[in-house]
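All residue numbers for the sequence shown refer to this note's numbering, where the first residue is 571 and numbers rise by one.
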Amino acid sequence: MCGRYVLDKPLAEVAARFAVAQPTFAFAPSYNIAPGQPLPVVVEQDGQRELRLMHWGLVPLWSATAARPPKALINARAEGIAAKPSFRRAVRTQRVLVPARGYYEWQATAQGKQPYFIHRPDGDLVSFAGLYEVAPAGGVATFTIITCPANALTVSVHQRMPALLRDTAAEAHWLDATITEPQEVVPLLQPYPSEDLAMYPVSKRVSAVANNGPALIINSV
571 MCGRYVLDKP
581 LAEVAARFAV
591 AQPTFAFAPS
601 YNIAPGQPLP
611 VVVEQDGQRE
621 LRLMHWGLVP
631 LWSATAARPP
641 KALINARAEG
651 IAAKPSFRRA
661 VRTQRVLVPA
671 RGYYEWQATA
681 QGKQPYFIHR
691 PDGDLVSFAG
701 LYEVAPAGGV
711 ATFTIITCPA
721 NALTVSVHQR
731 MPALLRDTAA
741 EAHWLDATIT
751 EPQEVVPLLQ
761 PYPSEDLAMY
771 PVSKRVSAVA
781 NNGPALIINS
791 V
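Below you can see the structure in the form of structure tokens.
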């Protein structure tokens, strides 16, 4: 799964990286992003990209009439995503990019869970493939991060990883609102190349959402 990530770049840099106009909302760079928070994501409408704030944890539209509403869905498995009731509509028409500098994953050890920071070694921003929903009558917009099987580098820490899109062409294809057939975009949801990522252990302080700051991504070895 992907339950915590880092976006430590200013919004102006995020906007430039994803070729969008500078947004009007504020967002403070964070080293410990957690589900439930309002976060910047990239959407495309009428051929134009923009950054929007959405809450991490997708709430399916059908949940409004459910006898027992489900928990907000922070992740969506890529496998079979087009057939799942919570995602099959969004994968056709409501795809999103989630900007990040990297993410955390926890490895079970005899001494407890050890967090690792996983990122591009050049420090560049990456994008997670995601889906979003907007509650009826102008309600809250929510998103989920899609996951896929882990690559050879990260599998020792966790069996799954976020579906990172490989390049700007893949990002453009994922966002393209004219593409509404899942089979045209689902093949993008593959493990990111191991050689393009780095991973190292970090302080267990990241496990507490209240902790933040650049010290969290310092190599603890």
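Note that CB positions come from ideal geometry on N, CA and C, so glycine has one too.
Please determine whether the Cβ atom of residue i lies at a distance below 6 Å from any heavy atom of the ligand SAM.
i	result
K579	The ligand SAM is absent from the structure shown, which contains no ligand whatsoever.
How many angstroms separate the CA atom of residue i from the CA atom of residue j?
i	j	result
Y674	K654	26 Å
Q677	H689	16 Å
L734	P752	17 Å
N782	L758	32 Å
Q729	A722	10 Å
L745	F687	27 Å
A642	F657	12 Å
M861	L623	Only positions 571 to 791 of the chain appear in the structure, and residue 861 is not among them; the question remains open.
M731	T738	20 Å
T748	A646	22 Å
A680	F597	38 Å
V791	V772	8 Å
P608	A660	19 Å
Y770	P580	24 Å
E614	H743	11 Å
S600	L628	21 Å
V756	A582	30 Å
Tell me, which residues are paired with residue i by DSSP?
i	result
Q592	Note: Q592 sits in no beta bridge, so no partner.
Q618	Q615
N645	I715
Y762	DSSP lists no partner for Y762.
Q684	Q677
F698	V668, L734
Let me check understanding here. Comparing Cα to Cα, which of the options lies closest to residue i?
i	options	result
V779	N602, P752, V661, D694	N602
V776	Y770, I787, M769, A768	I787
A589	D578, A596, P580, E620	E620
A670	G627, V612, G709, A591	V612
T724	D616, P706, R662, P685	P685
Q592	P605, P610, A604	P610
Let me know if residue i comes out buried or exposed under the rule of 16 or more other beta-carbons within 10 Å of its beta-carbon.
i	result
E703	buried
A585	buried
S726	exposed
E765	exposed
G672	buried
E741	buried
D578	buried
Measuring only between beta-carbons, confirm whether residue i sits less than 7 Å from chain D.
i	result
V629	In the structure shown, chain D does not exist; there is a single protein chain.
Cβ contact check for the region 660 to 675 and the region 695 to 713: 3 or more pairs under 8 Å: Flag = yes, the region 660 to 675 and the region 695 to 713 touch.
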